[in-house]
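Protein chains in written order, with the numbering used here: chain C, 93 to 202; chain P, 141 to 251. Reviewing the structure listed below.
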Amino acid sequence: ELKVEQNPLFLSMQEGKNYTIYCNYSTTSDRLYWYRQDPGKSLESLFVLLSNGAVKQEGRLMASLDTKARLSTLHITAAVHDLSATYFCAVDSTDDKIIFGKGTRLHILP
Amino acid sequence: NAGVTQTPKFRILKIGQSMTLQCAQDMNHNYMYWYRQDPGMGLKLIYYSVGAGITDKGEVPNGYNVSRSTTEDFPLRLELAAPSQTSVYFCASQTLGAEAFFGQGTRLTVV
């Protein structure tokens, strides 16, 4: 059964700093997704990673996928307050379920 | 540009009552999903469907039922509501290997 683990679960950081969120998963998959959720809102897609070595960047966020290590990272460069949100990774299982991690609650201090 | 539409947005149920959460998408997506999100937690998969007429259980299916008679609609049925089903419910749809689109959620309270 597919398990998806994110760490850290909570992260408080200062503006201008860099940080990385990690997403590990337990069974083979080459489809991984990152989503953002603001408080009280729905989920918004950030990245779709579909192969080993895939790297996607949008603004201050960059995501990568290593399918051999079953690991994805979401890197934040020079954080700004607007990036405060909860970030989820989700993984496609072989039976088409999409399983989410518990989320990383990111709080960026001005 | 409707995307994924969920109704209702809010609902209060009494213990033992039943209700159906509606979900409709207009993007011709084959894959549809129902998740629940408890306060401060991640999303748990309740049921999913890979096409009309096909449904399957997710991580937490007990107490729920679904049907998928058309590509567009994927209703979630709660029978005999219990306080443990108090949660926010999200419906999502996607094409395989692409981003999922989420509805705005249904906030359900069982008292």
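A virtual CB, placed ideally from N, CA and C, is assigned to each residue, including glycine.
Here the alpha carbons of P/S158 and P/K197 stand approximately 20 angstroms from one another.
Between the alpha carbons of C/S185 and C/T119 lies a distance of about 8 angstroms.
The beta strand (DSSP E) runs lying completely inside the segment 162 to 198 of chain C and spanning 3 residues or more are 163 to 168, 177 to 184, 190 to 192, given in chain order. Residue-level contact by beta carbon fails for P/V251 and chain C, as no gap is shorter than 8 angstroms.
Interface annotation for the segment 133 to 156 of chain C against chain P: K133, S134, L135, E136, S137, L138, F139, V140, L142, criterion Cβ-Cβ distance under 9 angstroms. Contact annotation for P/V190 against chain C: D188 [CB-CB distance below 9 angstroms, chain order].
Spanning the alpha carbons of P/L236 and C/L175 requires a straight line of approximately 28 angstroms. The beta carbon of C/T159 sits closer than 6 angstroms to those of D122, N144, all from its chain and outside the five residues before and after it, given in chain order. Per DSSP, the unbroken beta strand (DSSP E) holding P/L161 starts and ends at 159 to 165.
When C-alpha distances from P/C163 are compared across P/A192, P/E199, P/E212, the shortest belongs to P/E212.
With a 10 Å radius around the Cβ and a threshold of 16 neighbouring Cβ atoms, P/S233 comes out buried.
P/F230 sits away from P/S189, with the two beta carbons spaced by 8 angstroms or more. Rounded to whole angstroms, the gap between the alpha carbons of P/E219 and P/Y187 is 15 angstroms.
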